[in-house]
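First up is the structure itself, then whatever we jot down about it.
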Amino acid sequence: MKAKTKISVVIPAYNEEDTIKMTLVSLNRCHWVNQLIVVDDGSKDGTADIAEKFCDEVVRLDQNKGKAYALKEGWKKVQGDTVVCLDADLGITAREGERLVEKLYSDDLDCVIARLPMQKKRGFGLMKHRAQKLIFSRTGKWFDSPLSGQRAIKNNWLPILLERDYVGFGVEMAMTVDLLKAGANVDEVDVSFFHRATGKDFEGFLHRGRQWLDMEKTLRKMRTTWQ
Numbered sequence: 001m002k003a004k005t006k007i008s009v010v011i012p013a014y015n016e017e018d019t020i021k022m023t024l025v026s027l028n029r030c031h032w033v034n035q036l037i038v039v040d041d042g043s044k045d046g047t048a049d050i051a052e053k054f055c056d057e058v059v060r061l062d063q064n065k066g067k068a069y070a071l072k073e074g075w076k077k078v079q080g081d082t083v084v085c086l087d088a089d090l091g092i093t094a095r096e097g098e099r100l101v102e103k104l105y106s107d108d109l110d111c112v113i114a115r116l117p118m119q120k121k122r123g124f125g126l127m128k129h130r131a132q133k134l135i136f137s138r139t140g141k142w143f144d145s146p147l148s149g150q151r152a153i154k155n156n157w158l159p160i161l162l163e164r165d166y167v168g169f170g171v172e173m174a175m176t177v178d179l180l181k182a183g184a185n186v187d188e189v190d191v192s193f194f195h196r197a198t199g200k201d202f203e204g205f206l207h208r209g210r211q212w213l214d215m216e217k218t219l220r221k222m223r224t225t226w227q
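Numbering (the UniProt record's numbering), first residue to last: 1 to 227.
Here it is in structure tokens:
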């Protein structure tokens, strides 16, 4: 890791009071974390109150605006050379975020995406395959984990992402395309993150349905930009 590199961690969170404390406590024990930001995306539970006790700054949104909006609000607060984006439900494995930063600087990259280990409860992979094909068709690069929310990005690329109009869960796929088209070096690395997986039940299908809609909305907005 580059000497004196300052790392900001941004965590978008919605109704995560059962998981966010362990995630934040784990990150507080990490020497590589210099700034810890939680964006409470209009939670109805105690997520924001818990986060206030364990991070440097909590951005409270009055209503649920979606993951893309929450991430962008967090990026605006970043003070470090690098921002690491993590999900709120990683628990103790959030500390593995250091692997993203190590890969970023050891390979002189601009963005690193985490490849997560396989978990038992999985869907059919339709969203993943859709995102893989979309990214490949526009950039010629194939990613194993195109929807992974665990990423490290050098701060100088944030202005490009902040000016884009991403929608909800479409942000990961779209930001990958935008970074590559802007000339960024993007790669993946295996990281032992574990979080709540969506399965083949009603809640899982509902979540993936929202992901699909967000991706299609983002695509419509990005179509002219990507031509």
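Here a beta-carbon is modelled for each residue, glycine too, at the ideal position from N, C-alpha and C.
Quick one: measure Cβ to Cβ for residue i and residue j, integer angstroms, because I've assumed they're closer than 8 angstroms.
{"i": "Ala174", "j": "Thr218", "result": "5 angstroms"}
{"i": "Gly74", "j": "Val59", "result": "6 angstroms"}
{"i": "Val84", "j": "Leu100", "result": "6 angstroms"}
For residue i, name the three-state secondary structure that DSSP assigns.
{"i": "Arg164", "result": "coil"}
{"i": "Ser145", "result": "coil"}
{"i": "Val101", "result": "helix"}
{"i": "Ala131", "result": "helix"}
{"i": "Pro117", "result": "coil"}
{"i": "Leu90", "result": "coil"}
{"i": "Gln63", "result": "coil"}
{"i": "Asp214", "result": "helix"}
{"i": "Glu17", "result": "coil"}
Name the DSSP beta bridge partners of residue i, please?
{"i": "Lys154", "result": "Thr82"}
{"i": "Gln35", "result": "Ser8"}
{"i": "residue 228", "result": "Coverage of the chain is limited to positions 1 through 227, which leaves residue 228 absent and any answer about it impossible."}
So, residue i versus residue j, is the Cβ gap smaller than 8 angstroms?
{"i": "Gly149", "j": "Asp87", "result": "yes"}
{"i": "Gln79", "j": "Ser8", "result": "yes"}
{"i": "Glu52", "j": "Lys77", "result": "no"}
{"i": "Met222", "j": "Ala131", "result": "no"}
{"i": "Tyr166", "j": "Ala68", "result": "yes"}
{"i": "Val186", "j": "Leu180", "result": "yes"}
{"i": "Val191", "j": "Glu102", "result": "no"}
{"i": "Gly66", "j": "Thr19", "result": "no"}
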